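Comments concern the structure below.
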Amino acid sequence: MISISNLHFSYGQRPVFAGLDLRLGPGTICGLLGRNGTGKSTLLRNIGGFLFPQKGEISTLGFQPGRRQPAFLEQVILLPETFQLPPITMRQWLKNNAPFYTRFDIDAFHRYAKDFDIPSTPRLTELSHGQQKKALISFALATNAPLLLMDEPTNGLDITGKSQFRKIIAGAIDESRAILISTHQVKDLEQLIDRILIIDEGKIIFDQPLASVADKLLFKLSFDPEEEEQSLYCETSFKGSALILPNTEQKESRPDLEMLYKAITTDPVTINAQFK
Amino acid sequence: MNTLSDTFSFHRWRLLVTKHWSENYRRYLLFLLAIAGLLLAWFSFILMISQLNLIDLFMQFTAYFTGLYLVGCFYASWLFADLNSSQSGIGFLALPASHLEKLLCALFFGVVLFFIGYTLVFYLVDIPIVRLSNSILLRYPRNYSNTTVQIPASMLYNVFSNQAFIPETRLFLAGFFSSQALFFLGSVYFTRWTFIKSVIVGLLCLLTFVVIDAKLINFFLPSGWHDVFFLWVHNDADQHPTEYITLPHTTEKLLNIFIAVCAPLILWIITWQRLKEKEV
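Chains A and B are the protein sequences, given in the same order.
Position in the first sequence (from 1) plus 127 gives the number in my numbering.
Position in the second sequence (from 1) plus 585 gives the number in my numbering.
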């Protein structure tokens, strides 16, 4: 679905990517994590055709994104972090925009809108930012586009909204579809993503399926100083030490994404070595 | 490789037009009402202060073209305002329609519908005002200053043909479409202060043209000749009759066609290319 090789991109004199490579296939919900300003949104915009690489190649669903052909735009939806909806009714908004998407499923839209509890107001602009975001997510899913790019989709959603989001996204994924979610709110994506990508200083420093993370690493709380010595990453708290250990005995544990993220950004070489 | 349906589909263009109208029609109706109000206020002011022929042809001409240029250029620089910020720019560029369809939709509203709407509103105000002006003259006849010649009733200004004592209407109309095209390009090219920056670019173009015409062409002319905007005049100290050289009729016609058709077309094509290259 997405194939990026040797991507170079900079804002003026400030380089963002210098030789980034990435492959993403269908049937995946991929979490793109990284610090602020490391290029998560820039990467999504390059994939979506809103920014053009200075060097390297991007192929999204076989299209060159920068050409922004209508057939491409119909199949790749970018949900930006900030957006603007027109001051019209939801019904009129659907009537204006849905016909551009040949695979748009109006019933699915109403189903998602109901699941999200979007209230019916005279105009879209009368909805809160979070509710507008829910309307936009419902629309994006109802287009049945094979590739969804979401930039900080949980920003502005309340606690219930975040759990509704996870439930809806998990129900919307199938083998023909891929969703790439960029976020710095790691906890929001737990139990949702099946692949994790961590970006830092313009490069992907970690790219593994979550199943592989659970297979190779052991996440546990411990009071044992010996285990602490052997750990790949350790965080001490009053509940004991939260550790990431090599999973040599194939024990089962639930990956803590926030801890994994911190471990990788602290020492990517040691963590990546476990996957070789 | 782009196919024809990637570049233009009438169905998608129609959808764009419907969407644009549905999202903006209230704004446009208010906009037209505001134009009508401003014209009415201006003409009423003239009726109150004018001692002579009230709303004459020249008054109508200046009101029509001042409004057309100011409002038309401002509107043109607003039509791509979505591209000025990433939050609205992504929504605009992400809509599954080609760049050409998006440009043609903007041109349909900004050039065709605006011109029709503005001209209609102008006449809706102008016709009753000219009638009122003429009825005032009929009721209170007056003469030109220091003469016994009575001021006649005013005619209605015709936007589509040249009338006596009025500057070349067709050239002003043609110039409008070229100027407006510059504002379309400016709105895609610049990201902030699009209107002001386009005005500056337009003035710089005009200044360049005037400098070339006044200084550069005169530099190459023989002694005693000078240039007056594509008209070359010779008058010497020996009181010989003044000589004129004009452009050949065909060249002048071609120049008019360039200003009326080619210049806006070229600027629209550049806008289209720039739209394709636009990043948000």
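The beta carbon of each residue, even a glycine, is placed where N, CA and C say it ideally should be.
Just so you know, these numbers come straight off a predicted model, no measurement behind them.
The stretch 687 to 704 of chain B touching the stretch 659 to 669 of chain B, judged by at least three CB pairs closer than 8 Å: yes
Test: P681 (chain B) CB closer than 8 Å to a CB of chain A: yes
Burial state of C157 (chain A), where buried means 16 or more other Cβ atoms lie within 10 Å: buried
Contact set between T209 (chain A) and chain B, taken where Cβ atoms lie within less than 8 Å: S671 and Q672
Rounded separation between Q848 (chain B) and S763 (chain B) - CA only: First, the residue type needs correcting, since residue 848 (chain B) is Ala and not Gln in the sequence shown. Near 6 Å, if we compare the C-alpha coordinates of S763 (chain B) and A848 (chain B).
8 Å Cβ cutoff met for I640 (chain B) and S718 (chain B): yes
Spatial distance of F761 (chain B) from L767 (chain B) (CA atoms): 10 Å
Selection of the stretch 772 to 793 of chain B by Cβ proximity to chain A, strictly under 9 Å: none
Whole alpha helix (DSSP H) elements within the stretch 669 to 718 of chain B, 4-residue minimum: 671 to 679 and 684 to 692
Where H825 (chain B) falls, given that 16 or more other Cβ within 10 Å makes a residue buried: exposed
Span of the alpha helix (DSSP H), counted from its first residue to its last, around E837 (chain B): H834 to I842
Chain B contacts from the stretch 173 to 202 of chain A (Cβ-Cβ distance under 9 Å): G175, G176, F177, L178, F179, G193, R194, R195, Q196, P197, A198, F199, L200, E201 and Q202
Own chain partners of Y774 (chain B) with C-beta closer than 6 Å, once the 5 adjacent residues on each side are dropped: R859
8 Å Cβ cutoff, W856 (chain B) in contact with chain A: Inspection of the sequence shows that residue 856 (chain B) is occupied by Thr rather than by Trp. So, not an interface residue.
Sub-8 Å separation of A272 (chain A) and E208 (chain A) beta-carbons: no
Contact set between P226 (chain A) and chain B, taken where Cβ atoms lie within less than 8 Å: L600
I785 (chain B) Cβ short of 7 Å to the ligand HEM heavy atom set: Absence of the ligand HEM is noted for the structure shown, with no ligands found whatsoever.
DSSP-derived helix/strand/coil call for Y725 (chain B): coil
Option nearest A369 (chain A) by Cα separation, candidates A:T375, A:K378, A:Q377 and A:E385: A:E385
Boundaries (first-last residue) of the alpha helix (DSSP H) holding I797 (chain B): Per DSSP, I797 (chain B) belongs to no alpha helix (DSSP H) and is neither H nor E.
Simplified DSSP state of E828 (chain B), which is helix, strand or coil: strand
Proximity of G161 (chain A) and D321 (chain A) at Cβ, strictly below 8 Å: no
Local Cβ density within 10 Å of D711 (chain B), reported as buried at 16 or more and exposed below that: buried
Element boundaries [beta strand (DSSP E), containing C361 (chain A)]: Y360 to S364
N731 (chain B), buried or exposed, once every other Cβ within 10 Å from all chains shown has been counted against 16: exposed
Contact between the stretch 183 to 190 of chain A and the stretch 327 to 339 of chain A (3+ Cβ pairs under 8 Å): no
Rounded separation between T270 (chain A) and S783 (chain B) - CA only: 38 Å
Stretch pair the stretch 295 to 312 of chain A + the stretch 136 to 150 of chain A: three plus CB contacts closer than 8 Å: no
4 or more residues per run - each alpha helix (DSSP H) lying fully within the stretch 210 to 246 of chain A: 217 to 224 and 233 to 242
Distance, V313 (chain A) Cα to K604 (chain B) Cα: 37 Å
Outcome for Q636 (chain B) when other beta-carbon atoms lying within 10 angstroms are tallied against a minimum of 16: exposed
At least 3 beta-carbon pairs within less than 8 Å: the stretch 342 to 362 of chain A vs the stretch 275 to 289 of chain A: no
Residues near L904 (chain B) by beta carbon distance below 8 Å, same chain, minus five either side: Outside the shown range of chain B, which is 586 to 865, sits residue 904 (chain B), and nothing can be said about it.
Selection from A:L263, A:N374 and A:T310 that minimises the alpha carbon distance to F402 (chain A): A:N374
Coarse secondary structure for R599 (chain B), derived from DSSP in three states: helix
Test item: CB-CB of L324 (chain A) and L134 (chain A) under 8 Å: no
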